Amino acid sequence: MFTLLFIAFLLSDILLRLWLAARQVRHVKQHRDQVPPEFSARIGLYSHQRAADYTHAKVQLAIVEWITEAATLVALTLLGGLQFLDVRLGQLIDNEMMRQLALIGSVLIIVSVVGLPFAIWRKFKLEAKFAFNRVTPKLFVVDALKAALLLLILGVPLAASVLWVMGNAGPHWGWWAWLVWVIFNFLILWLFPTVIAPLFNKFTPLDNPEIAQRIHALAQRCGFSINGLFVMDGSKRSAHGNAYFTGFGKARRIVFFDTLLSRLNVDEIEAVLAHELAHFKYKHIIKRMLISFALSAVFFQILSWLSQQVWFYTGLGVLPQLGRSNDALALILFFLVMPVFTFWTAPLASWFSRRDEFQADQYAATQCSAEHLVSALIKLYDDNAATLTPDPLHSAFYDSHPPAVLRIQNLKHD
Ligand SMILES: [Zn+2]
Numbered sequence: 177m178f179t180l181l182f183i184a185f186l187l188s189d190i191l192l193r194l195w196l197a198a199r200q201v202r203h204v205k206q207h208r209d210q211v212p213p214e215f216s217a218r219i220g221l222y223s224h225q226r227a228a229d230y231t232h233a234k235v236q237l238a239i240v241e242w243i244t245e246a247a248t249l250v251a252l253t254l255l256g257g258l259q260f261l262d263v264r265l266g267q268l269i270d271n272e273m274m275r276q277l278a279l280i281g282s283v284l285i286i287v288s289v290v291g292l293p294f295a296i297w298r299k300f301k302l303e304a305k306f307a308f309n310r311v312t313p314k315l316f317v318v319d320a321l322k323a324a325l326l327l328l329i330l331g332v333p334l335a336a337s338v339l340w341v342m343g344n345a346g347p348h349w350g351w352w353a354w355l356v357w358v359i360f361n362f363l364i365l366w367l368f369p370t371v372i373a374p375l376f377n378k379f380t381p382l383d384n385p386e387i388a389q390r391i392h393a394l395a396q397r398c399g400f401s402i403n404g405l406f407v408m409d410g411s412k413r414s415a416h417g418n419a420y421f422t423g424f425g426k427a428r429r430i431v432f433f434d435t436l437l438s439r440l441n442v443d444e445i446e447a448v449l450a451h452e453l454a455h456f457k458y459k460h461i462i463k464r465m466l467i468s469f470a471l472s473a474v475f476f477q478i479l480s481w482l483s484q485q486v487w488f489y490t491g492l493g494v495l496p497q498l499g500r501s502n503d504a505l506a507l508i509l510f511f512l513v514m515p516v517f518t519f520w521t522a523p524l525a526s527w528f529s530r531r532d533e534f535q536a537d538q539y540a541a542t543q544c545s546a547e548h549l550v551s552a553l554i555k556l557y558d559d560n561a562a563t564l565t566p567d568p569l570h571s572a573f574y575d576s577h578p579p580a581v582l583r584i585q586n587l588k589h590d
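Here this note's numbering runs 176 ahead of the position in the sequence shown, where the first position is 1.
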């Protein structure tokens with residue numbers, strides 16, 4: 177019964193994805209030969225067509241990736257892959273904790289190996305074709321090794337703590353596991369700006385006094401304290417530009433991608449930052465964090481109930497063992513399968529995110545000028561080859577940011 181439900185959800189997810197992808201490609205193609213009038217003064221037909229082709233190429237790659245991921249999921253669950261690993265590792269490793277960590281590790285390795293060709297293709301074929309990629313094969317390997325090492329250093333203690341709690345904290349372990357998860361998240365937030373991000377990029381203090389002065393004045397106007405303006409060498413990996421806030425409390429800093437600074441003028445940079453500041457001002461980031469913690473509390477409760485149900489294992493192609501712990505199995509099954517059942521909630525998260533983006537745009541328009549934000553947005557859409565004509569349904573389902581036309585209309589109406 178549960179198996180049928182799982183298959184039904186998996187198939188409907190894929191069909192929904194394919195249908196949305198087809199809509200997106202059709203819509204972008206239909207509008208390929210004409211720049212929308214709102215942009216025709218600023219974006220040429222060549223750029224517009226390049227964005228259409230880039231969107232099309234991304235969708236094509238994503239389709240192959242979804243199908244491969246779904247096949248891997250079925251191979252691991254219903255076709256017995258996980259069962260095989262569990263039995264083999266049970267024969268090889270005596271230590272309970274080591275055995276369970278090895279099981280989680282091997283599933284992670286399988287999932288990474290399946291994803292690797294796609295990551296390579298995306299960088300060296302797709303992004304390279306549209307002149308976005310700056311990663312050399314050597315840097316790609318170094319990045320992958322660093323990421324794997326980081327996962328090992330941070331992931332093993334996390335997995336071990338959760339497994340320990342599952343085995344030793346009694347019937348209410350779901351709450352303890354949740355607490356471990358929350359603490360882990362704060363640890364990452366704290367380590368990210370000063371330890372993790374510098375492993376991959378170089379951060380130098382912003383040495384442009386004109387921009388610095390404008391940003392400090394803006395922050396003061398908005399009642400926001402900053403402890404540093406940094407430039408990140410984003411151009412090392414990609415031509416895409418961005419700016420973000422990171423850290424909390426005293427470690428609060430603003431990070432500009434060098435690619436952003438090189439493309440926007442001072443007015444536009446100020447407007448983009450005012451938008452980012454608004455996310456702080458309206459507590460969007462904290463709200464998102466609280467919602468994610470609340471959801472993870474619910475998920476841990478569901479997991480703690482599911483881990484007691486034999487059908488949860490057998491329905492997904494695994495036989496729980498009587499003589500030893502099945503906690504790692506429950507964890508793996510849950511995290512592999514949960515996205516299949518929650519996929520249809522994506523539009524809800526996208527809707528909330530887009531509402532926040534509109535609010536941030538409004539704030540930027542009052543603190544700086546709508547006109548400068550509009551011109552920054554147009555440059556960024558153009559540089560990133562982001563399509564100006566997405567399919568409305570595709571956009572409503574997935575997009576965390578409103579389509580360009582709506583954002584600009586919203587800004588111009590004030
Ligand atoms: Zn935003």
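Even glycine gets a Cβ: it sits at the ideal position worked out from N, Cα and C.
All values reported here derive from a predicted model rather than from experimental measurement.
{"Asked": "Report the rounded CA-to-CA distance for Val263 versus Gln485, giving the unit in angstroms.", "Found": "20 angstroms"}
{"Asked": "Can you list, in chain order, the residues of its chain with a C-beta nearer than 7 angstroms to that of Tyr222? Leave out the 5 residues immediately preceding and following it.", "Found": "none"}
{"Asked": "Going by other Cβ atoms of all chains shown within 10 Å of its Cβ, with 16 needed for buried, is Ala247 buried or exposed?", "Found": "exposed"}
{"Asked": "Report the residue from Asn586, Trp354, Ile508, Leu436 whose alpha carbon sits nearest the alpha carbon of Arg530.", "Found": "Asn586"}
{"Asked": "Grab the span of the beta strand (DSSP E) containing Leu512 for me, first residue to last.", "Found": "Unbroken run through Leu512 is the alpha helix (DSSP H), 503–518; no beta strand (DSSP E)."}
{"Asked": "Starting from the N-terminal end, write out each residue whose C-beta falls within a distance shorter than 6 angstroms of any non-hydrogen atom of ligand 1.", "Found": "His451, His455, Glu533, Ala536"}
{"Asked": "Check whether the stretch 438–456 touches the stretch 414–421, taking contact to mean three or more Cβ pairs, one atom from each stretch, closer than 8 angstroms.", "Found": "yes"}
{"Asked": "How far does the alpha helix (DSSP H) with Leu181 in it extend, from its first residue to its last?", "Found": "178–206"}
{"Asked": "Give me the Cα-Cα distance between Gly350 and Ile462, rounded to the nearest whole angstrom.", "Found": "23 angstroms"}
{"Asked": "In terms of residue numbering, what span does the alpha helix (DSSP H) encompassing Val431 cover?", "Found": "First-last for Val431: 429–433, but that is the beta strand (DSSP E), not the alpha helix (DSSP H)."}
{"Asked": "If you follow the alpha helix (DSSP H) that Leu498 is part of, which residue opens it and which one closes it?", "Found": "Per DSSP, Leu498 belongs to no alpha helix (DSSP H) and is neither H nor E."}
{"Asked": "I'd like to confirm the pairing. Which residues does DSSP put opposite Leu405 in its beta bridges?", "Found": "Ile430"}
{"Asked": "By Cβ distance below 7 angstroms, which residues in the same chain neighbour Glu272 in space, the five residues on each side in sequence not counted?", "Found": "Arg500, Ser501"}
{"Asked": "Which same chain residues end up closer than 7 angstroms to Val581 when comparing Cβ atoms and leaving out the 5 residues on each side of it in sequence?", "Found": "Pro212, Glu214, Leu564"}
{"Asked": "Is DSSP giving Tyr458 helix, strand or coil here?", "Found": "coil"}
{"Asked": "Is it buried or exposed for Leu186, if we count other Cβ within 10 angstroms and need 16 for buried?", "Found": "buried"}
{"Asked": "Three or more C-beta pairs under 8 angstroms: does that hold for the stretch 491–500 against the stretch 254–268?", "Found": "yes"}
{"Asked": "Using three-state DSSP, classify Phe421 as helix, strand or coil.", "Found": "strand"}
{"Asked": "Specify whether the stretch 535–544 and the stretch 370–386 touch according to this definition: at least 3 beta carbon pairs, one from each stretch, less than 8 angstroms apart.", "Found": "no"}
{"Asked": "Determine the DSSP secondary structure at Phe379, reduced to helix, strand or coil.", "Found": "strand"}
{"Asked": "Kindly indicate which residue of Asp270, Gly291, Val317, Leu261 has the alpha-carbon position closest to the one of Leu279.", "Found": "Leu261"}
{"Asked": "Thinking C-alpha only, which one of Leu321, Ser414, Ala388 is nearest Gly404?", "Found": "Ala388"}
{"Asked": "If you reduce the DSSP assignment to three classes, tell me which class Ser483 lands in.", "Found": "coil"}
{"Asked": "Below 8 angstroms on the Cβ atoms is my guess for Ile598 versus Leu258; work out the distance and round it to an integer in Å.", "Found": "Outside the shown range of the chain, which is 177 to 590, sits residue 598, and nothing can be said about it."}
{"Asked": "What do you reckon, is the C-beta of Arg218 under 7 angstroms from a heavy atom of ligand 2?", "Found": "With respect to small molecules bound, the structure shown includes ligand 1 and not ligand 2."}
{"Asked": "Just how far apart, CA to CA, sit Gln535 and Ala454?", "Found": "8 angstroms"}
{"Asked": "Would you mind reading off the limits of the alpha helix (DSSP H) that contains Pro385?", "Found": "385–397"}
{"Asked": "I believe Leu326 touches Ile372 by the beta-carbon criterion, under 8 angstroms. Please report the beta-carbon distance rounded to the nearest angstrom.", "Found": "7 angstroms"}
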